[in-house]
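Chains as they are written, first to last, in our numbering: chain X, 1 to 115; chain B, 1001 to 1115. Here a beta-carbon is modelled for each residue, glycine too, at the ideal position from N, C-alpha and C. A quick write-up on the structure given underneath.
Structure representation (structure tokens):
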């Protein structure tokens, strides 16, 4: 299966720890998007990246959250000093090119739980 | 700014009944794309359909059909002869054309099919 791969599927952290979520896009895809789904809510856009560049981070919280998509390796969403409110499902999507007609293929998500 | 409204939070129908999920959207753009995704209890996001704003023909795929009406800014989804496997949360989403790569999601409709 050459779909979007996210790991881990489930992640448990204590308050104050760091959480690192990984996303490997589909083969040939160089555009990555991160979305957050709070309990009982729809998905909210966080950040859009191309290889080595952040294109749109308008949905990222101003503090503690960062994202990268290096030349080699997966995209990483990093949350520092996690708090209870960070508990959510984090979805990654990828597309082959820019453009609203390009489909975004989603991974299965990472469920982050903060104790 | 874009907005997607799914007014029905939860719907329950008895198996084999037809059910329609409503989606109303707002956008200033003349070119945009509309999507439906299914999120079963296992949590992954399953792509169902993409429709561009220039194509107002209704679409049918098996038991699924979509009614796109630009005049009322609606993109409704009907499941005919519902089955228990259709139980899921369904999300409508919008993507516009002016360099804005993100998907804007509605809050979802939880559909329960009662056997």
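Any C-beta of chain X sitting closer than 7 Å to the C-beta of residue 1005/B?
no
Look at the Cβ atom of residue 1097/B, then the Cβ atom of residue 100/X, and state whether they are nearer than 7 Å.
yes
What residues from the segment 19 to 46 of chain X come within 8 Å of chain B, judged by C-beta to C-beta, listed N to C?
31, 33, 35, 41, 42, 43, 44 and 45
In terms of alpha-carbon separation, which member of 31/X, 79/X and 106/X lies closest to residue 92/X?
106/X
Suppose you measure from the CA of residue 1007/B to the CA of residue 1054/B; what does that come to, to the nearest Å?
25 Å
Pull up the distance between the alpha-carbon of residue 1002/B and that of residue 1103/B, whole angstroms please.
9 Å
Taking only three categories from DSSP, how would you classify residue 1072/B?
helix
Assuming residue 1086/B and residue 1111/B are in contact, meaning their beta carbons sit under 8 Å apart, how far apart are those beta carbons, in whole angstroms?
Yes, residue 1086/B and residue 1111/B are in contact; Cβ-Cβ is about 6 Å, under 8 Å.
Can you pull the chain X neighbours of residue 1052/B, defined as C-beta to C-beta under 9 Å?
Here the neighbours are 100 and 101.
With a CB to CB cut of under 6 Å and the five nearest residues on each side skipped, what residues in its chain are close to residue 7/X?
22
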